[in-house]
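Numbering-wise, this note's numbering puts 62 at position 45 of the sequence shown, and it's gapless, one number per residue.
Glycine included, each C-beta is placed from N, C-alpha and C at the ideal position.
This report concerns only the one structure given below.
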Amino acid sequence: MSVKTTVFGGIHLSGEDAEKFERQVTYGRPKKAAKEGYERGKLLVEEYSKKGYSTITPRKK
């Protein structure tokens, strides 16, 4: 196994980790939180496209 990163953020996987990652990308299902994050991000992009900026409001946990 080998995981290498660079100052530019690139990650290189090899061996079993690379195979596992490839299977996850091909056959994995997104988690609920990932789907919700995608939907929120999509709304921000739409707002940015219309107004030229997006407003983000912090939420309390």
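To the nearest angstrom, how far is it from the Cα of residue i to the Cα of residue j?
{"i": "Lys-68", "j": "Glu-36", "result": "43 Å"}
{"i": "Leu-89", "j": "His-29", "result": "No information on residue 89 is available, as it lies outside the stretch 18 to 78 that the chain covers here."}
{"i": "Arg-40", "j": "Glu-53", "result": "23 Å"}
{"i": "Gly-26", "j": "Glu-33", "result": "21 Å"}
In terms of residue numbering, what span does the alpha helix (DSSP H) encompassing residue i cover?
{"i": "Ser-66", "result": "49-68"}
{"i": "Gly-40", "result": "The residue asked about is misnamed: residue 40 is Arg in this sequence, not Gly. Where Arg-40 is concerned, the enclosing alpha helix (DSSP H) stretches over 33-44."}
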